[in-house]
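All residue numbers for the sequence shown refer to my numbering, where the first residue is 24 and numbers rise by one.
Glycine included, C-beta positions come from ideal geometry on N, C-alpha and C.
These numbers come from a predicted model, not from an experiment.
This report refers to the structure that appears directly beneath it.
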Amino acid sequence: MHNPEHAIVVVGGGPTGLMLAGELALAGVDVAVVERRLNQDLEGSRAGGLHPRTIELLDQRGIAERFIERGKKHQVALFAGTVLDTSDLPTRHDYWLALWQEQFESILAGWVGELPVTFYRGREVTGFTQDNTGLDVALNDGGSLRAGYLVGCDGGRSTIRKRAGIDFPGWDADISYLIFEADMAEEPDWGIRHGERGIYALGRLEDGKRVRGVVTEQHLVHGGKPTLDELRGALAASYGTDYGVCNVTWLSRFTDAARQAAAYRERRVLLAGDAAHVHSPAGGQGLNIGIQDAVNLGWKLAQVVKRISPDDLLDTYQEERHPVAARVLQHTLAITALSRGDARTNALRKMMAGVMEMDQPRRWYTSMMSGLDICYGQNEGHPLVGRRMPDLDLTHSSGPVRVYDFLHDCRPLLLNLAEPGSIDLGSWANRVRLVDARHDGAWELPVFGLVAAPTAVLIRPDGYVAWAADQTQAGLVDALTIWFGPPSAP
Ligand SMILES: Cc1cc2nc3c(=O)[nH]c(=O)nc-3n(C[C@H](O)[C@H](O)[C@H](O)COP(=O)(O)OP(=O)(O)OC[C@H]3O[C@@H](n4cnc5c(N)ncnc54)[C@H](O)[C@@H]3O)c2cc1C
Numbered sequence: 024m025h026n027p028e029h030a031i032v033v034v035g036g037g038p039t040g041l042m043l044a045g046e047l048a049l050a051g052v053d054v055a056v057v058e059r060r061l062n063q064d065l066e067g068s069r070a071g072g073l074h075p076r077t078i079e080l081l082d083q084r085g086i087a088e089r090f091i092e093r094g095k096k097h098q099v100a101l102f103a104g105t106v107l108d109t110s111d112l113p114t115r116h117d118y119w120l121a122l123w124q125e126q127f128e129s130i131l132a133g134w135v136g137e138l139p140v141t142f143y144r145g146r147e148v149t150g151f152t153q154d155n156t157g158l159d160v161a162l163n164d165g166g167s168l169r170a171g172y173l174v175g176c177d178g179g180r181s182t183i184r185k186r187a188g189i190d191f192p193g194w195d196a197d198i199s200y201l202i203f204e205a206d207m208a209e210e211p212d213w214g215i216r217h218g219e220r221g222i223y224a225l226g227r228l229e230d231g232k233r234v235r236g237v238v239t240e241q242h243l244v245h246g247g248k249p250t251l252d253e254l255r256g257a258l259a260a261s262y263g264t265d266y267g268v269c270n271v272t273w274l275s276r277f278t279d280a281a282r283q284a285a286a287y288r289e290r291r292v293l294l295a296g297d298a299a300h301v302h303s304p305a306g307g308q309g310l311n312i313g314i315q316d317a318v319n320l321g322w323k324l325a326q327v328v329k330r331i332s333p334d335d336l337l338d339t340y341q342e343e344r345h346p347v348a349a350r351v352l353q354h355t356l357a358i359t360a361l362s363r364g365d366a367r368t369n370a371l372r373k374m375m376a377g378v379m380e381m382d383q384p385r386r387w388y389t390s391m392m393s394g395l396d397i398c399y400g401q402n403e404g405h406p407l408v409g410r411r412m413p414d415l416d417l418t419h420s421s422g423p424v425r426v427y428d429f430l431h432d433c434r435p436l437l438l439n440l441a442e443p444g445s446i447d448l449g450s451w452a453n454r455v456r457l458v459d460a461r462h463d464g465a466w467e468l469p470v471f472g473l474v475a476a477p478t479a480v481l482i483r484p485d486g487y488v489a490w491a492a493d494q495t496q497a498g499l500v501d502a503l504t505i506w507f508g509p510p511s512a513p
């Protein structure tokens, strides 16, 4: 029997897998998603929103408005209960967008549905074997697929990571929490509290009546489906009453364990999103960095599959994204430690809140939490190199445009801000889009501040700067070769 064949098979159609599939399809690559769920319905609300860099990435593809119109903007970042202003972040999206994961996934799936992506829904990948030219991917219905590359976007318990033999080192859980959505017969104490072991909180769901809550368990429990009795016990231990909790529509357990894949790649297998890193939801980063992984990996994988770039371009995925998740893990450990309610931790949290409210630490923290301060590589030369390209207003022959308007199709962009026609892309002309434009305002980067305006910028499809010119075009050919293949490539 002939097995269906795809250049890339993505395992898991959650936020990361959907975004990756969209990126690959935009870049013109044959991609299939295998997803266990029949649709995007989720049990419980899970992730609560999007950080500025994630919204920028969606804006780069021209789809940010679809999410913004369904969410709610808040110009704040939270630090261990302290509310920090984000309104001076130098971005169009200087806010956190409240939007539940189920809505996010459904909007994202709508976009992916407009692109040529094959879906195998209601099926699971159970294993795979690799050879020199590809992989045979086994499905739970007895069928199989042939793939050039396999990407595990299959969540924290990733089958792909385990089958690839990739280690998942990190920190074991210290605390377990119950998260739930329910009715309560009595009016509860709303808001966030700090108990001896950690945070607990009760808030209203959108209907204004039902409750979404998180409570720490008195003893660490690993996995397993929590029971209503366990929820009642945890509420009583924290609040002295269970408030008559009833009609529970979602009850789940999570812990503060933090783990990260030792490698993001094993030959033709790659990992992204929760499959590559898990941590406590404190700080609300998981979904966001999964989307950012997908956007970093998509165009690189597309270029390798199309033989534009050598296979080792894929190694830059781990080099760039592993440190980002490692930093998020450290951050969640710190926030978890600060969430304890003993007298000493309370004093430390108060002191840290005072520091964070000062202008420089606030700018540092909000830039980090927003994902806007990420700098890939060594950052030699112009300060823009390795950093995200700001979405500047441009004057172009077609009229006023924004930089991100030129990134919608997931292609590299060379923005010439000097004399029109002064750059010749030579052999790269069919791979890199050249745009002559003008920008008259300042160039400001998060944390870094103002930078000298370059005369040209080479921008990767993920919106990060590969090269920037002060006056000369020195280094342009090297940057084009490293990121967009040798001159002889197709
Ligand atoms: C309580 C809670 C609150 C959170 N709050 C936030 C927040 O505020 N902000 C934030 O950014 N993140 C938050 N997160 C984290 C966020 O939910 C995850 O980081 C995000 O879902 C990761 O997306 P993913 O696509 O990588 O993995 P998943 O969402 O886990 O998706 C994996 C997909 O793979 C499928 N799958 C698994 N195995 C297979 C297989 N073998 N074959 C086929 N399909 C398979 C699954 O069905 C699933 O659809 C929270 C998480 C929890 C639990």
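With 16 or more other Cβ atoms inside 10 Å of its own Cβ, alanine 479 counts as buried. Leaving aside the five residues that flank isoleucine 331 on each side, the residues in its chain whose CB is nearer than 6 Å to its CB run, in chain order, Gly508 and Ala512. Of the candidates Asp53, Glu342, Pro38 and Ile446, Ile446 places its Cα closest to the Cα of leucine 499. In the three-state scheme derived from DSSP, where H, G and I count as helix and E and B as strand, tyrosine 143 is classed as strand. In the displayed model, histidine 354 falls within a helix according to three-state DSSP. Taking every protein chain shown into account, the CB of lysine 232 has fewer than 16 other CB atoms within 10 angstroms, so this residue is exposed. Straight-line spacing of the CA atoms in valine 148 and threonine 182 works out to 8 Å. Exclusion of the five residues before and after glutamine 494 leaves Thr478 as the residues of its chain whose Cβ lies within less than 8 Å of its Cβ. Taking the C-beta atoms as reference points, alanine 48 is found nearer than 7 Å to proline 139. For tyrosine 427, no beta strand (DSSP E) encloses it, and the DSSP letter there is neither H nor E.
Distance between aspartate 195 and valine 244, taken at the CA atoms: about 12 Å. When distances are taken from the beta-carbon of leucine 120 to the heavy atoms of ligand 1, even the shortest one reaches 6 Å or more.
A distance below 6 Å between beta-carbons, with the five flanking residues on each side excluded, links proline 384 to the following residues of its chain, in chain order: Val378. For valine 480, the secondary structure class from DSSP, reduced to helix, strand or coil, is strand. Counting the other Cβ atoms within 10 Å of the Cβ of threonine 250 gives fewer than 16, which makes it exposed. Listed as beta-bridge partners of isoleucine 222 by DSSP are His217. The beta-bridge partner set that DSSP reports for aspartate 459 consists of Asn439. As for any beta strand (DSSP E) of minimum length 3 sitting wholly inside the stretch 101 to 134, the runs are 105 to 108 and 119 to 121, ordered along the chain. Going by DSSP, lysine 323 is part of the alpha helix (DSSP H) stretching over 309 to 328. The criterion of a C-beta distance shorter than 7 Å is satisfied by histidine 431 and glycine 85. The beta carbon of aspartate 53 sits closer than 6 Å to those of His29 and Ala30, all from its chain and outside the five residues before and after it, given in chain order. For alanine 100 against tryptophan 119, the beta-carbon gap comes to about 7 Å, under 8 Å, which counts as contact.
Minimum Cα-Cα distance from arginine 59 among the listed residues Glu137, Asp501, Gly171 and Cys176 corresponds to Cys176. In the DSSP annotation of this structure, the continuous segment of the beta strand (DSSP E) that includes glycine 150 starts and ends at 148 to 153.
Shown here, asparagine 369 sits in a helix according to DSSP, grouped into three states. Fewer than three Cβ pairs drawn from the stretch 338 to 347 and the stretch 190 to 207 lie within less than 8 Å of each other, which leaves the two stretches out of contact. The beta carbons of leucine 438 and valine 426 sit about 7 Å from each other, so the pair counts as a contact at 8 Å. If you draw a straight line from the Cα of aspartate 459 to the Cα of valine 424, it is about 12 Å long. The criterion of a C-beta distance shorter than 7 Å is satisfied by leucine 310 and proline 38. Leaving aside the five residues that flank threonine 504 on each side, the residues in its chain whose CB is nearer than 8 Å to its CB run, in chain order, Pro510. Asparagine 311 has its Cβ nearer than 6 Å to a heavy atom of ligand 1. Of the residues Glu240, Gly394 and Pro406, the one whose Cα lies closest to the Cα of proline 346 is Gly394. In the pairwise beta carbon analysis, the stretch 262 to 282 is classified as touching the stretch 298 to 305: at least three pairs are separated by under 8 Å. Around the Cβ of glutamate 209, a 10 Å sphere holds fewer than 16 other Cβ atoms; the residue is exposed. Under the three-state reduction of DSSP output, lysine 185 falls in the helix class. When C-alpha distances from glycine 165 are compared across Asp154, Gly171, Gly150 and Gly178, the shortest belongs to Gly150.
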